[in-house]
Each structure stands twice: as structure tokens, then as C-alpha cells.
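Enquirer: Structure provided below as C-alpha cells; questions to follow.
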Amino acid sequence: MPTRASAMLAAATVAALLATTTATATAAEAHHGPKLKGQRVGYFTQWGADSSAKRVQESGQAGKLTVVNYAFGNVSADGTCFETDEAGQGDAHNDYRRAFPAAESVDGRADSADQRLKGHFNQLRKLKAKNPQLRTVISLGGWSWSKYFSDAAATEESRRRFVSSCIDLYIKGNLPVLAGSPEGGTGAAAGVFDGIDLDWEYPGGGGDAGNVVRPEDGRNFTLLVQEFRRQLDRLSGRKGPHYLLTAAVAANETVAARLELPELARSMDWLNLMTYDLHGPWEGKGPANHHANLYADPTDPEPRRRSADGAVEYYVRHGLPAAKTVLGVPFYAHGWTGVPAGDRGGLYQPATGTTADRSYKEVDALPGKVYVDRDHGASWKYDGTDFYSYDTAEVLTQKARYARWNDLGGVMVWSLDGDDARGGAVAALDRGLQRG
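Under mature numbering (1 follows the signal peptide of the UniProt record, and there is no 0), the letters of the sequence shown match residues -27 to -1, 1 to 409, in that order.
Set out below in C-alpha cells:
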């Protein structure tokens, strides 16, 4: 179907482009490899049962991606990046200490006992070696590990110290040696990560309970980003690589309003819009609704009628160039149970409760009828009682086309381990980004 972006979005795109400098070198420009249209950013979870660099390679995902964001690195109470195996605080074991056997390794070679770099970090290094267009980025924070971002960003000195610690740990690769093991040491992970993604959820509040929050977080976030850009550029020098600097940002306009978008755009390569979780299990009695619809539905009983397109329009209208706007898509479903059919397969009907979230591959295998609303870029599965809101392959392709036709920076996925073994969801995005 033709693009449905509003005239306001088109006008805002032109205005933002005139007001903001052009993006610095992109991943595609910096590396040789297959010519891919648009950024294709996939989050790789540290903890996922199916989080495997070998799976990313063998499923065909790797050849269709430009960036893998590794989630997550934590922020300490004293405002630094760090690695630990303390429960709930870090997972150095999976990050760089776990020995991979040959059967689980990207290149079929087992880690040796005395190797300084093991774990996912080493597997990501091998994944990049097989896919020259691919860059890897460490993502800091996330929902659970954003507690101390506000402290890290609070003063000039705290920002300088925080940024320096993150670059030292993840870009220079100076990993701590824990419990006398061989893993870690100076430069052990050098060359693994090509940049930093800031997933502060959220400046000014709205994130997890117990997060430190300040009224000035929005301004301090801008200053933190500028400090990251300064130190990364200083490390690059005149002839070194361009280090990526990105962020994951909320689709919620109340949260987005705290961000100084024109200033952020001048320092960042792009922003990943988390255009999902528009509805979910926090609405325990429903109504069953879309959690990532592309366009607003005028029959939606929810007064705000949120949509991915609405979030994109907001960001572009407030100073983020379309070329630095990356559309987020979910590889998972939110669900409700005890949902009557109504006249639209359970859509907008009340519920008795919620189901467990399901991955793309899990929902695909469940019984029930799949409904696709092409007018609003949404889909769901309904079996007579359970309603799952998720993106089918068709809707993923539609969203990728939307990104391309509206000159957005590309698409972002949360998260790669939700895809099926054939990489079908990533392939659906690839079709939308490549074809007319």
C-alpha cells in the first residue's frame, strides 16, 4: 500500500533536515560488505535462551543486519560502567567468561581454557569477521539497569568520569580479571564494540521503581551525549574509525517532551524509537489492543489512539531529522485471555486477565486465526479466548516499507532471539527495505 505518512511529517522532515547537520559516517559507509538499504539494528539479549551469535549467523539474520546492539551494560551506584557476576548487577560470565564449545561457536572452534576473551563478546567478534558490513554496539541501561543514569549524568565531572569508564571498558576493551580467572585484562575486548547505545529509561522518570530521577535529567542527558561524542571522537582522532553513538527512546510523548531533540541530533548517529508496548499487560482487564500498530485506528476506544506513525511524527516535528529516526519493531507479543470475539476477532474487547508474553516464533506456532489490518499496520492472533498482539511477517514488511518511503534511518528490532530459526522476521524487514 502507498505510504500513509501525514503531510505534517513530510514538512517536519524538511525542516529538521535544514536545522540539523548531516549524519556522520554510517555503518555501511565505514565497512565493506553487502550493500544494505537503511540501518537494520537488532538487539541481542545477554540472557535470552536463544541468544546465540551462531544462531544469528546460521538463520541468515547476520547478512541482513547493519548493527547488533548487545543488551545490556549496567551503570554502577558510583556512576561508572562495570562488569561483575554479582546476581542482578551484571553477567560477566555470559559477557566474556563462558567457554563456548565448538558446536555453539560461530566459526566451529571451541574456546581454549586460557583464552582472555570468551563468552558472547568473543562470539560477536567472530560474527563481525564473517559479516564485514556488521557493527556491534554496547547498549547501556535498559529497563532494569537505568537506576543510576541520573547520577552519572548529573555534573560535568560525573559525566566525564562515566563516559571515560564506558569507553575504557567496552571500546578499549579493558575488562576486569575476576576471581583469578584467565579472562579479561588490558585490551582483551578491543575491537569488539564499534560504539555505544544509551538506553536510559527514562530521563525525568517513568521507568522502573526506585530509579534516581531529577527534574534536570533532560538537559543532563544532552550534556552526557555531548560528552560521549567528544570522548569518542578524541579516541578516533583524524584517521580512526567513527564510533557510533545512538540511543533508545520512548514512543510516549510525555517522556519524549523532556528530550532536547535538535541538540541530541547534532551529536548522535540516530535514535531508535521504541514504537511498541503501546498497550500491554499493565492493562489487565483490557481492552485487548494493538501494542505496535503503525497507524492510529479511529475506532480505537483508547482516547489517545497511539501509533508508531504518531511517535515518528512527534520526533521529526520536534527536531529529529527523519534520516536519524529509526523505527522500532517488536519480535514478541503481548496477550490477553478471557476475551470475547466481538465482531473483530477479539479486538477492543474486555479481558479477564493477561497471558505470558510470547516471542514471534512462539505466537506463530500457537493455534488460532491470524488477523491483519493493513489499513492500520497491525495484526493479531485469536483462538476464541486468547488474544495476542504481534507483528506478522506481512506487517513487518509494511513497516519497513514505511521507513524507506518516508526516508527514515531504518528499523530496529527488539529482540533477535524472538525470531524463528530461519530468520523469517528479519527477512520480512529486509524485503520491505529492499523492494519498491
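Note that the Cβ used here is the ideal one computed from N, Cα and C, for glycine as well.
Looking only at C-alpha atoms, which of Gly191, Gly158, Arg239 and Gly81 sits nearest to Arg28?
Expert: Working through the sequence shown from its first residue, we reach residue 28 at position 55. Taking only the C-alpha atoms, the option nearest Arg28 is Gly81.
Enquirer: With DSSP as the reference, label Leu246 as helix, strand or coil.
Expert: Working through the sequence shown from its first residue, we reach residue 246 at position 273. Here Leu246 sits in strand by DSSP.
Enquirer: Phe201 to Gly292, Cα distance in whole Å?
Expert: As a first step, residue 201 is located in the sequence shown; it is residue number 228 there, counting from the start. As a first step, residue 292 is located in the sequence shown; it is residue number 319 there, counting from the start. Using only the alpha carbons, I get a separation of about 20 Å.
Enquirer: Roughly how many angstroms lie between the CA atoms of Gly61 and Trp118, to the nearest whole one?
Expert: Counting from 1 along the sequence shown, the entry for residue 61 is found at position 88. Counting from 1 along the sequence shown, the entry for residue 118 is found at position 145. If you take the alpha carbons of Gly61 and Trp118, they lie about 9 Å apart.
Enquirer: Which term fits Ala(-3), buried or exposed, when burial requires 16 or more other beta carbons within 10 angstroms of its beta carbon?
Expert: Your numbering for residue -3 matches position 25 in the sequence shown. Low local confidence applies: a pLDDT of 41 at Ala(-3) is under 50, so the model's placement there is unreliable, with the coordinate-based value given in what follows. Its Cβ having fewer than 16 others within 10 Å, Ala(-3) is exposed.
Enquirer: Measuring alpha carbon to alpha carbon, tell me which residue in Val384, Arg395 and Gly397 is nearest Leu9.
Expert: Here the question's residue 9 lines up with position 36 in the sequence shown. Residue Val384 is the option with its Cα nearest to Leu9.
Enquirer: Which residues does DSSP pair with Val79 in a beta bridge?
Expert: Sequence index remark: in the sequence shown, residue 79 carries index 106 (1-based). For Val79, which the question treats as bridged, DSSP gives no partner whatsoever.
Enquirer: Using a Cβ-Cβ cutoff of less than 6 Å, which residues in the same chain neighbour Ala161 once the five nearest sequence positions on both sides are dropped?
Expert: Along the sequence shown, read from residue 1 onward, the residue named residue 161 stands at position 188. Closer than 6 Å at the Cβ level, and outside the excluded window around Ala161, lie Arg89, Leu90, Gly146 and Leu148.
Enquirer: Count the other C-beta atoms from every protein chain shown that fall within 10 angstroms of the C-beta of Ser209, then say buried if there are 16 or more, exposed otherwise.
Expert: As a working note, residue 209 is residue 236 in the sequence shown. Result: exposed.
Enquirer: Mark Thr272 as exposed unless 16 or more other C-beta atoms lie within 10 angstroms of its C-beta, in which case mark it buried.
Expert: If you number the sequence shown from 1, residue 272 lands on position 299. Classification for Thr272: exposed.
Enquirer: Taking the alpha helix (DSSP H) that Tyr375 belongs to, which residues open and close that run?
Expert: For the purposes of this step, residue 375 is identified with residue 402 of the sequence shown, where counting begins at 1. Counting along the chain, the alpha helix (DSSP H) containing Tyr375 begins and ends at Ala366 to Trp378.
Enquirer: With the cut-off set at 7 Å, would you say Trp173 and Gly115 are in Cβ contact?
Expert: Along the sequence shown, one-based indexing puts residue 173 at 200. Along the sequence shown, one-based indexing puts residue 115 at 142. Their beta carbons are not under 7 Å apart, which means Trp173 does not touch Gly115 by this criterion.
Enquirer: Short check: CB of Ala126 to CB of Leu234, under 7 Å?
Expert: Mapped onto the sequence shown, residue 126 falls at position 153. Mapped onto the sequence shown, residue 234 falls at position 261. Not closer than 7 Å, so no.
Enquirer: State the beta-bridge partners of Thr219 as determined by DSSP.
Expert: One-based indexing of the sequence shown puts residue 219 at position 246. Thr219 pairs with Asp170 and Trp243.
Enquirer: Put Thr195 into one of helix, strand or coil per three-state DSSP.
Expert: Position 222 of the sequence shown, counting from 1, holds the residue named residue 195. Helix.
Enquirer: Runs of 4 residues minimum, wholly inside the stretch 11 to 77: which ones carry the alpha helix (DSSP H) assignment?
Expert: 26 to 31, all fully within the stretch 11 to 77.
Enquirer: Counting only beta-carbon atoms, is Thr358 nearer than 7 Å to chain C?
Expert: Included in the structure is just one protein chain, with no chain C present.
Enquirer: Under three-state DSSP, which class holds Leu90?
Expert: As a working note, residue 90 is residue 117 in the sequence shown. Leu90 falls in the coil class under three-state DSSP.
Enquirer: Take Gly157 and list the residues in its own chain whose beta-carbon comes closer than 6 Å to its own, dropping the five residues that flank it on each side.
Expert: What you label residue 157 is simply residue 184 of the sequence shown in a count that begins at 1. Excluding positions up to five away in sequence, the list reads Leu148, Pro149 and Val150.
Enquirer: With the cut-off set at 7 Å, would you say Leu217 and Asp141 are in Cβ contact?
Expert: Here the question's residue 217 lines up with position 244 in the sequence shown. Here the question's residue 141 lines up with position 168 in the sequence shown. Not a contact, by the Cβ cut-off of 7 Å.
Enquirer: Going by DSSP in three states, Ala306 sits in which element: helix, strand or coil?
Expert: Along the sequence shown, read from residue 1 onward, the residue named residue 306 stands at position 333. Note: Ala306 maps to strand in three-state DSSP.
Enquirer: Determine the burial state of Leu402: buried for a count of at least 16 other Cβ atoms within 10 Å of its Cβ, exposed for fewer.
Expert: Here the question's residue 402 lines up with position 429 in the sequence shown. Answer is buried; the Cβ neighbour count reaches 16.
Enquirer: With DSSP as the reference, identify every bridge partner of Trp387, one or two as the case may be.
Expert: In the sequence shown, the residue the question calls residue 387 occupies position 414. Pro303, per the DSSP bridge assignment.
Enquirer: What does a CB cutoff of less than 6 Å around Ala26 pick up in its chain, not counting 5 residues either side in sequence?
Expert: Here residue 26 refers to the residue found at position 53 when the sequence shown is read from its first residue. If we look at Ala26 and ignore the five residues flanking it on each side, its Cβ neighbours are Val79, Gln96, Leu97 and Leu100.
Enquirer: In this structure, how does DSSP classify Thr(-6) when only helix, strand and coil are distinguished?
Expert: In the sequence shown, the residue the question calls residue -6 occupies position 22. Its pLDDT being 38, under 50, Thr(-6) is placed unreliably by the model, and the measurement read from it follows with that caveat. It is coil, neither helix nor strand.
Enquirer: Taking the beta carbon of Asp170 as the centre, do at least 16 other beta carbons fall within 10 Å, making it buried, or is it exposed?
Expert: As a first step, residue 170 is located in the sequence shown; it is residue number 197 there, counting from the start. Under this definition Asp170 is a buried residue.
Enquirer: Residues in the same chain with beta-carbon distance under 6 Å from Pro313, minus the five sequence neighbours each way, listed in chain order, please.
Expert: Taking the first residue of the sequence shown as position 1, residue 313 is located at position 340. For Pro313, where only same-chain residues beyond five positions count, the Cβ hits under 6 Å are Gln322.
Enquirer: So if DSSP puts Asp346 in a beta bridge, which residue, or which two residues, is it bridged to?
Expert: In the sequence shown, the residue the question calls residue 346 occupies position 373. DSSP output for Asp346 lists Ala351 as bridge partner(s).
Enquirer: Considering Cα atoms alone, identify which of Ala22, Glu31 and Tyr69 is closest to Gly46.
Expert: Stepping through the sequence shown from its first residue, residue 46 is reached at position 73. Minimum Cα distance to Gly46 is reached at Tyr69.
Enquirer: Assuming Thr128 is part of the alpha helix (DSSP H), what are its boundary residues?
Expert: Taking the first residue of the sequence shown as position 1, residue 128 is located at position 155. Looking at the DSSP string, Thr128 is not in any alpha helix (DSSP H), and its letter there is neither H nor E.
Enquirer: Tell me whether Gly397 sits in a helix, a strand or coil according to DSSP, three-state version.
Expert: Walking along the sequence shown from the start, residue 397 turns up at place 424. In this structure, Gly397 counts as helix in the three-state DSSP scheme.
Enquirer: Give the straight-line distance between the Cα atoms of Pro260 and Gly318, rounded to the nearest whole angstrom.
Expert: Start at 1 with the first residue of the sequence shown, and residue 260 comes out as number 287. Start at 1 with the first residue of the sequence shown, and residue 318 comes out as number 345. So the alpha carbons of these two residues sit roughly 12 Å apart.
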